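See structure below.
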């Protein structure tokens, strides 16, 4: 099935979830995201998601159960009921909710962060939600957090794409040098250190993973909640702070915003960093890994689009150069 037909099928499922079973004069379904690891389509108040083709059914089921669990109420957006689907063959243990072999889930629509209003970005709210998630006792058993595996896939994608036109031909080698400076657990090649591996983590925190729900027309009602549990699992909670930490170190996130985020996380009792003082001993490795991941994806994207890296992407490549030259430490800007 092509990407377009997957989107059409998801739109139909979302529409059925929003208006069962009668027809209506609704606006056409809207594609919110279409990536190899997930296609997301909205119809009114319902969102349908086709998960990655290689998603492990048991791991996905555990993650969906977590999102629906009372233990994460007020932290994670819970899924809706199962979408219509043909029954699975007798004895088939795979999820029956599929579109051409891809597991499908339904979710309530939440209002995302407004990219046109960066000053209103909910950094403190995100920090509080992360701290609460990290303090939540995890189910037993539960799959590992997939953040390091995503970083490894980003590097593999960069290698496959080749160098972008008009860019520095050595940029890819610089990213790979920074990648090789990381310990095996941050490259998805080994478990995280035991004392840091047992926390419940989101696995892919960025501002696109927050929505307000419930949504009411004309008002900003609804609490902020985390979405997208596809990478959630047990691991080092510092990974969930690593993207803003990397942006701060690269000069993309202002000192004031970073400190508000960090202070809100600490005030909520988050275990990823020490309660006071320098947080970098805990953040160094995850922040370096997210820097490499971001730079690798930037090179892959610019190569696919036939262009050189833009200004923001070059900042992440510059950060990789610093990591490669000082492999033991990603120097954060002074907060003084």
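Numbering (the numbering used here), first residue to last: 114 to 449.
Where a beta carbon is used, it is the ideal one built from N, C-alpha and C, also for glycine.
Here the structure is a predicted model, which is why all the values come from computation and not from measurement.
- By the Cβ-count criterion, residue 116 is exposed, with fewer than 16 other Cβ atoms from all chains shown falling within 10 Å of its own Cβ.
- With a 10 Å radius around the Cβ and a threshold of 16 neighbouring Cβ atoms, residue 426 comes out buried.
- Assigned with DSSP and collapsed to three states, residue 139 falls in coil, not helix or strand.
- The C-beta separation of residue 382 from residue 186 comes to about 18 Å, leaving the pair out of contact by the 8 Å criterion.
- In summary, residue 308 is exposed, with fewer than 16 beta-carbon neighbours lying within 10 Å of its beta-carbon over all protein chains present.
- For residue 267, the secondary structure class from DSSP, reduced to helix, strand or coil, is helix.
- In the three-state scheme derived from DSSP, where H, G and I count as helix and E and B as strand, residue 146 is classed as strand.
- In the three-state reduction of the DSSP assignment, residue 161 falls in the strand class, which pools E and B.
- In terms of Cβ geometry, residue 300 and residue 350 do not form a close pair [threshold 8 Å].
- In this structure, the CA atom of residue 310 is about 4 Å from the CA atom of residue 348.
- Judged by their CB atoms, residue 356 and residue 315 are not nearer to each other than the 8 Å cut-off.
- Judged by DSSP secondary structure, residue 221 falls within the beta strand (DSSP E) whose first and last residues are 215-221.
- In this structure residue 280 is in contact with residue 422, their Cβ atoms being roughly 5 Å apart against a cut-off of 8 Å.
- With fewer than 16 other beta carbons inside 10 angstroms of its own, residue 418 counts as exposed.
- Here residue 325 is buried, its C-beta having at least 16 other C-beta atoms within 10 Å.
- Residue 275 sits away from residue 193, with the two beta carbons spaced by 8 Å or more.
- About 15 Å separates the CB atoms of residue 394 and residue 352; that is not less than 8 Å, and the two are not in contact.
- In the structure shown, residue 226 adopts coil according to DSSP, grouped into three states.
- The residue among 379, 267, 179 and 148 with its C-alpha nearest the C-alpha of residue 253 is 179.
- The beta strand (DSSP E) runs of length 3 or more contained entirely in the region 271-319 are, from start to end of the chain, 312-314.
- Judged by DSSP in its simplified three-state form, residue 365 adopts coil rather than helix or strand.
- Excluding five sequence positions before and after residue 237, the CB atoms of its chain that fall closer than 7 Å to its own CB belong to 373, 374 and 377, given in chain order.
- When Cβ pairs closer than 8 Å are counted between the two stretches, the region 358-371 is seen not to touch the region 257-271, the count staying below three.
- Following the DSSP letters along the chain, one finds residue 387 in no beta strand (DSSP E), marked with neither H nor E.
- Note on residue 343: 16 or more other CB atoms within 10 angstroms of its CB, so buried under the neighbour-count rule.
- Take the alpha-carbon of residue 329 and the one of residue 224: they are about 9 Å apart.
- Residue 170 counts as exposed, since fewer than 16 other beta carbons sit within 10 angstroms of its beta carbon.
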